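Participant: Its first residue numbered 3, the sequence shown is counted upward by one per residue in this note's numbering. Idealized CB from N, CA, C, for every residue including glycine. A quick note: this is a predicted structure, and the numbers were derived from the prediction, not measured. Sharing a structure, written as structure tokens. Questions coming.
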Amino acid sequence: MEVAIALDSSSSKPLYQQIYEELRQAILKGRLPPGSQIPSTRSLSKSLGISRFTITQSYEQLNSEGYLETIVGSGTFVCKQLPDELLHSTPIESFSKVIQNPIKLSRYGRILIYADNVAKIDDSPLTIKFRFGRPAFDQFPIELWRRLLSRYCSADQNWLDYSIDPLGYRPLREQIANYLSRSRAVNCEPDRILITNGTQQALDLILRLLIEPEEIIAIEDPGYLSARLIFQTHGAHILPIGVDESGLIVEQIQKLTSSNIRLVYVTPSHQFPTGAVLSLSRRLQLLAWAQQNGTLIIEDDYDSEYRYNGRPIPALQGLDRGSCVLYVGTFSKVLFPSLRIGYLVLPKSLVSIFTRAKWLSGRHLPILEQQVLAEFIKAGHLERHIRKMRSLYDQRRQTLVQALKDYFGKRATILGDQAGIHLMVCLQTDLRDEEIIHRAAEVNVEMTPASPNYLNLDSKGNNSRGEFIFGYGELTKQQLQEGIRRLAKILIT
């Protein structure tokens with residue numbers, strides 16, 4: 003079958019591309035119907051007066067995309083089913099009435115129905131947001147990070163493949179082991195470190211492997227809400243343990259040894275959300291109790307790098323002599339949240355089973371980011387960045403504390419130690435938390451109540467406590483001062 007092909011010798015588009023497009027349009031518009039034979043490369047080359055190689059290039063592209071097929075000894079034909087047809091599904095006849103049968107959810111799903119804080123998208127238009135857990139993005143060395151990404155991206159193509167190490171990229175585990183030993187006195191080696199998709203995956207793996215439904219997990223109260231939800235969705239029985247200015251009240255656990263506590267979850271270096279630091283005496287007390295009762299401890303060390311008053315207390319794991327601590331860390335607060343690289347330091351006896359579980363649940367994290375992070379730590383960039391941010395966050399914390407004192411005076415009680423990138427404040431007011439949040443929004447300030455982090459109700463039987471979490475990591479000095487000024491204006495009468 004002959005087909006008209008118009009070529010433009012003055013076009014910047016190559017001739018083989020022009021022929022390809024002309025033939026493709028002829029096929030799509032039906033001038034070359036499915037199953038029809040097209041001219042041979044030799045005959046089309048002769049009729050167009052161009053090289054046969056150019057025609058062959060066009061045909062090969064059409065063949066590769068599924069428009070043409072070559073039958074040896076017979077010639078080249080238009081495919082009976084074109085690739086474009088595969089991109090469009092046949093419309094299904096609509097029904098006037100949709101029948102929706104109820105779908106039964108698991109216990110996990112039923113718990114999440116009532117978990118309002120899960121997968122909550124921050125689309126607030128408010129201008130000053132005291133959000134916790136958010137670092138100062140504008141201070142991150144993004145050009146340096148980009149150069150490292152480019153270097154490893156172009157070095158080889160190994161990062162495109164599956165990881166050969168289910169524990170995670172070994173050079174990264176080596177750097178994390180060195181860093182933790184040096185900065186947190188953690189007792190570990192690379193083969194005891196499992197790279198995870200943040201803290202959440204580490205906690206999920208722990209629950210999958212170590213907890214049966216209705217077994218008891220003791221948690222701080224108030225405590226980290228997301229951790230509590232993970233525990234509850236796995237069917238664990240949650241036992242709230244009080245917190246004071248010295249952290250978890252270990253004496254409350256010691257009185258409950260008959261309760262057969264399976265796990266204790268703590269944030270000892272900077273308790274969330276109160277900011278208290280677990281005292282050394284209580285750390286030793288908790289470890290002794292755990293070893294005596296065969297209980298495991300989850301130490302969530304989420305932002306211990308930022309301490310502004312004195313030397314950090316050694317990690318709970320570093321004091322452990324009975325292999326009862328599972329140490330969880332993350333780079334989300336130190337670097338940036340979307341990095342999603344965390345780690346779990348395990349007792350040797352648990353490494354094998356956790357490796358298998360990790361392989362089934364998530365295979366591995368992207369290799370490229372692990373390579374870049376390993377180099378970032380090895381070259382000293384991480385510790386330089388931490389030193390810089392520690393100074394910045396200390397200044398911002400001081401600014402926030404001073405603003406609270408200036409505008410609220412004794413009406414604001416600041417809780418916790420001088421650490422982290424958030425602090426908890428108790429505002430003395432007759433207003434309920436919901437009303438405070440509403441009034442703050444009217445002056446473009448976003449507030450985060452601490453009440454959802456409590457499991458036990460207050461003495462009045464509700465969760466309205468006047469306690470709020472003030473994140474200051476991403477806010478400037480001017481924003482911190484202005485935010486507190488606005489709050490004082492609408493809350494102090």
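1. If G324 and Q293 are in contact, beta carbons under 8 angstroms, what's the gap, nearest whole angstrom?
2. Under a three-way DSSP split, which group does T235 fall into?
3. Give the single residue among I57, E67, G77 whose Cα lies nearest to the Cα of F40.
4. Would L286 be called buried (16 or more neighbouring beta carbons within 10 Å of its own) or exposed?
5. Thinking L429 and R413 are a contact (beta carbons under 8 angstroms), I'd like their distance in whole angstroms, please.
6. Just verifying my parser: in three-state terms, what is the DSSP assignment at L34?
7. Can you find a CB in chain D that lies within less than 8 angstroms of the CB of S281?
8. Are three or more beta carbon pairs between the region 349-369 and the region 316-335 nearer than 8 angstroms?
9. Sorted by chain position, which residues of the same chain lie with C-beta nearer than 7 angstroms to A1's C-beta, five sequence neighbours on each side aside?
10. Within 10 angstroms of its Cβ, does G296 collect 16 or more other Cβ (buried), or is it exposed?
11. Measuring straight from C-alpha to C-alpha, what distance separates L205 and K380?
12. Give me the Cα-Cα distance between P275 and I243, rounded to the nearest whole angstrom.
13. Which ranges does the alpha helix (DSSP H) cover as unbroken runs of at least 4 residues, wholly within the region 215-298, from first to last along the chain?
14. For Q83, count neighbouring C-beta atoms within 10 Å of its own C-beta (all shown protein chains included) and say buried if the count is 16 or more, exposed if not.
15. Output yes or no for whether 8 angstroms exceeds the beta carbon distance between R264 and I219.
16. Can you tell which of K131, Q203, G135 has its C-alpha closest to the C-alpha of S513?
17. Rounded to the nearest angstrom, how far is the Cβ of I130 from that of E437, given a contact under 8 angstroms?
18. In whole angstroms, what is the alpha-carbon distance linking L282 and C155?
19. Residue range of the beta strand (DSSP E) that L425 falls in?
20. What three-state label does DSSP hand G463 in the structure shown?
21. Y308 to S185, Cα distance in whole Å?
22. Using only alpha-carbon positions, find the residue among D303, A290, R358 that is nearest to G422.
23. Between the alpha carbons of S271 and S66, how many angstroms are there, rounded?
24. Look at the Cβ atom of A290, then the Cβ atom of V188, and state whether they are nearer than 8 angstroms.
25. So, for E247: in the same chain, excluding its five sequence neighbours on each side, which residues have a beta-carbon less than 7 angstroms away from its beta-carbon?
26. Label T72 either buried or exposed according to how many other C-beta atoms from any shown protein chain fall within 10 Å of its C-beta, with 16 as the threshold for buried.
27. Should R386 be labelled buried (16 or more other beta-carbon atoms within 10 Å of its own) or exposed?
28. With a threshold of 8 angstroms, are at least 3 pairs of Cβ atoms found where one atom belongs to the region 156-173 and the other to the region 135-146?
29. List the residues that DSSP assigns as beta-bridge partners of E71.
30. Within its chain, find whatever has a CB closer than 7 angstroms to the CB of Y22; leave out the 5 residues flanking it on each side and keep chain order.
31. Starting from the C-beta of R441, find all residues in its chain whose C-beta is less than 6 angstroms away, skip the five residues before and the five after it, and write them out in chain order.
32. Identify whether Y171 lies in helix, strand or coil by the three-state DSSP scheme.
33. According to DSSP, R309 sits in a beta bridge with which residue or residues?
34. In this structure, does DSSP put P451 in helix, strand or coil?
35. If the criterion is Cβ atoms closer than 8 angstroms, does the pair L211 and F356 meet it?
36. Does the Cβ-Cβ distance between V80 and L151 come in under 8 angstroms?
Facilitator: The answer reads as follows:
1. Here residue 324 refers to the residue found at position 322 of the sequence shown. Here residue 293 refers to the residue found at position 291 of the sequence shown. That pair is a contact at about 4 angstroms.
2. On the sequence shown, position 233 is the one that residue 235 refers to. Note: T235 maps to helix in three-state DSSP.
3. Here residue 40 refers to the residue found at position 38 of the sequence shown. It should be pointed out that residue 40 corresponds to Ile in this sequence rather than to Phe. Per the Cα distances, G77.
4. The residue you call residue 286 lines up with position 284 of the sequence shown. Per the 10 Å Cβ criterion, exposed.
5. The residue labelled residue 429 in the question sits at position 427 within the sequence shown. The residue labelled residue 413 in the question sits at position 411 within the sequence shown. That belief holds up - the Cβ atoms of L429 and R413 are roughly 7 angstroms apart, short of 8 angstroms.
6. For the purposes of this step, residue 34 is taken as the residue at position 32 of the sequence shown. In this structure, L34 counts as coil in the three-state DSSP scheme.
7. Any reference to chain D falls outside this structure, which holds one protein chain only.
8. yes
9. Since the first residue shown for the chain is 3 and the last is 495, residue 1 is missing from the structure and cannot be characterised.
10. As a position in the sequence shown, residue 296 is number 294, starting the count at 1. Flag for G296 reads exposed.
11. As a working mapping, residue 205 is identified with position 203 in the sequence shown. As a working mapping, residue 380 is identified with position 378 in the sequence shown. The alpha-carbon atoms of L205 and K380 are separated by roughly 27 angstroms.
12. Position 273 of the sequence shown, counted from the first residue, corresponds to residue 275. Position 241 of the sequence shown, counted from the first residue, corresponds to residue 243. Straight-line Cα distance between these residues: approximately 14 angstroms.
13. 227-235, 252-256, 282-295
14. Counting from one through the sequence shown, the residue named residue 83 turns up at place 81. It is exposed - the Cβ of Q83 has fewer than 16 other Cβ atoms within 10 Å.
15. Numbered from 1 along the sequence shown, position 262 holds the residue referred to as residue 264. Numbered from 1 along the sequence shown, position 217 holds the residue referred to as residue 219. Yes. Within cutoff.
16. What the structure shows of the chain is the stretch from 3 to 495, and residue 513 is not part of that stretch, so it cannot be assessed.
17. Position 128 of the sequence shown, counted from the first residue, corresponds to residue 130. Position 435 of the sequence shown, counted from the first residue, corresponds to residue 437. Not really, about 19 angstroms apart at Cβ, beyond 8 angstroms.
18. Residue mapping note: residue 282 aligns to position 280 of the sequence shown, counting from 1. Residue mapping note: residue 155 aligns to position 153 of the sequence shown, counting from 1. Their backbone Cα atoms lie some 45 angstroms apart in a straight line.
19. On the sequence shown, residue 425 is found 423 positions in, with the first residue counted as 1. 424-429 is the extent of the beta strand (DSSP E) around L425.
20. In the sequence shown, residue 463 corresponds to position 461, counting from 1. Because G463 sits at a pLDDT of 46, beneath the cut-off of 50, its placement in the model cannot be relied upon, and the following sentence gives the value as read from the coordinates. Note: G463 maps to coil in three-state DSSP.
21. As a first step, residue 308 must be located in the sequence shown, where it is residue number 306. As a first step, residue 185 must be located in the sequence shown, where it is residue number 183. The straight-line gap from Cα to Cα measures roughly 12 angstroms.
22. On the sequence shown, position 420 is the one that residue 422 refers to. Comparing Cα positions, the closest option is D303.
23. By 1-based counting over the sequence shown, the position of residue 271 is 269. By 1-based counting over the sequence shown, the position of residue 66 is 64. Computed Cα separation, rounded: 60 angstroms.
24. Against the sequence shown, residue 290 aligns to sequence position 288. Against the sequence shown, residue 188 aligns to sequence position 186. Cβ distance not < 8 angstroms, so A290 and V188 don't count as in contact.
25. Position 245 of the sequence shown holds residue 247. A278, listed in sequence order.
26. Position 70 of the sequence shown, counted from the start, is the residue given in the question as residue 72. Exposed, since its Cβ has fewer than 16 Cβ neighbours within 10 Å.
27. Residue mapping note: residue 386 aligns to position 384 of the sequence shown, counting from 1. Classification for R386: exposed.
28. no
29. In the sequence shown, the residue the question calls residue 71 occupies position 69. Beta-bridge pairing links E71 to F79.
30. By one-based count along the sequence shown, residue 22 stands at place 20. Within the same chain, Y22 has close Cβ partners S60, Q63, L64.
31. Within the sequence shown, residue 441 is the residue found at index 439, counting from 1. If we look at R441 and ignore the five residues flanking it on each side, its Cβ neighbours are I492.
32. If you number the sequence shown from 1, residue 171 lands on position 169. Looking at Y171 - three-state DSSP - the assignment turns out to be coil, as it is neither helix nor strand.
33. Taking the first residue of the sequence shown as position 1, residue 309 is located at position 307. Beta-bridge pairing links R309 to A421.
34. Your numbering for residue 451 matches position 449 in the sequence shown. Of the three classes helix, strand and coil, the one that applies to P451 here is strand, per DSSP.
35. Here residue 211 is taken as the residue at index 209 of the sequence shown, counted from 1. Here residue 356 is taken as the residue at index 354 of the sequence shown, counted from 1. The answer is yes: Cβ separation under 8 angstroms.
36. By 1-based counting over the sequence shown, the position of residue 80 is 78. By 1-based counting over the sequence shown, the position of residue 151 is 149. No, the Cβ-Cβ distance between V80 and L151 is not below 8 angstroms.
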